[in-house]
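Novice: One structure follows; several queries about it will come next.
Residue numbers (our numbering): 33 to 106.
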């Protein structure tokens, strides 16, 4: 739910930036832009989740290596 609200705010901000540059966006263009941003933001969120998981896994491995070393190694 919060991600949806953040995404809507991001899309609204992008549209405002474009309109501030003097471009007049019709409903079809706004709809296309919204769909494009939603797809790309969703992909970026998923990539972030994957990278967070990889980082957590690497940290876990490092902690386990340190435990093994503190016990005298293998």
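Ideal placement from N, C-alpha and C gives every residue a C-beta, glycine not left out.
Here the structure is a predicted model, which means the values were calculated and not measured.
Find the nearest neighbour of residue 40 within the set 94, 51, 65, judged by alpha-carbon distance.
Specialist: For the residues 94, 51, 65, the minimum Cα distance to residue 40 belongs to 65.
Novice: Can you tell me which of the three DSSP states residue 101 falls into?
Specialist: Three-state DSSP puts residue 101 in a helix.
Novice: Using the three-state DSSP reduction, which class does residue 83 fall into: helix, strand or coil?
Specialist: The answer is helix: DSSP assigns residue 83 an H, G or I state.
Novice: To the nearest angstrom, report how far apart residue 85 and residue 73 are at their CA atoms.
Specialist: Looking at the two C-alpha atoms, the distance is approximately 18 Å.
Novice: Cutting at 7 Å between CB atoms, please list the residues of its own chain near residue 44, excluding the five before and the five after it.
Specialist: Cβ within range, chain order: n/a, list empty.
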